[in-house]
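In mature numbering (1 follows the signal peptide of the UniProt record, and there is no 0), the protein residues as written are -19 to -1, 1 to 172.
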């Protein structure tokens, strides 16, 4: 009896994992299908981020003293985080310029000490609130906007028209905890 119960519980546990994978896979497929970038561009953006993180890791003297993140969207790379000096910020930027697949670089590294885990947790919460507001906004398809928050500054990326950009910026500005909104959108013509 105990053995049967253990087998049933194990199967239930395994099936829950399968359900989560199916839901996550479906969400990923919807997100990919709804993205204005081509599938190739989406893959290339992932590769760019991966290669930039590797390049930073291969430079231990830089990796140990800067706190940065690379966000690629349609081969436009946003660099956010902190560095102790402008010189180090420019060294990080040069890593991005060295990647031949990158079209544009937006260096938004702030000069100063790295922010802590509490700030990163607050940033994640702010990004979540902004994304929720974007997804529920009228006359705006929030799924076209990528949101990244660093030290209460919200960065918006995506392929949007002027109207969508203005609405997304306004939505983000009105979220509690947001200090500043930086628009790094790539504008597309309205069809």
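The C-beta atom is built at its ideal place from N, Cα and C for all residues, glycine as well.
Here the structure is a predicted model, which is why all the values come from computation and not from measurement.
Per the coordinates, the alpha-carbon of residue 63 lies some 5 Å from the alpha-carbon of residue 48.
In terms of CA proximity to residue 154, 115 leads the group 141, 61, 169 and 115.
With a beta-carbon spacing of about 32 Å, residue 133 and residue 171 fall beyond the 8 Å limit used to define contacts. DSSP places residue 29 inside the alpha helix (DSSP H), whose first and last residues are 20 to 38. Straight through space, the alpha carbons of residue 92 and residue 146 are spaced by roughly 28 Å.
Residue 45 and residue 110 have their C-alpha atoms roughly 31 Å apart.
Around the beta carbon of residue 166, a 10 Å sphere encloses 16 or more other beta carbons of the protein chains shown; the residue is thus reported as buried. In this chain, the alpha helix (DSSP H) harbouring residue 107 covers 98 to 117.
Shown here, residue 83 sits in coil according to DSSP, grouped into three states, outside any helix or strand. Here residue 158 is exposed. Its C-beta has fewer than 16 other C-beta atoms within 10 Å. Assignment of beta-bridge partners to residue 150 by DSSP yields no partner.
Going by DSSP, residue 77 is part of the alpha helix (DSSP H) stretching over 67 to 78.
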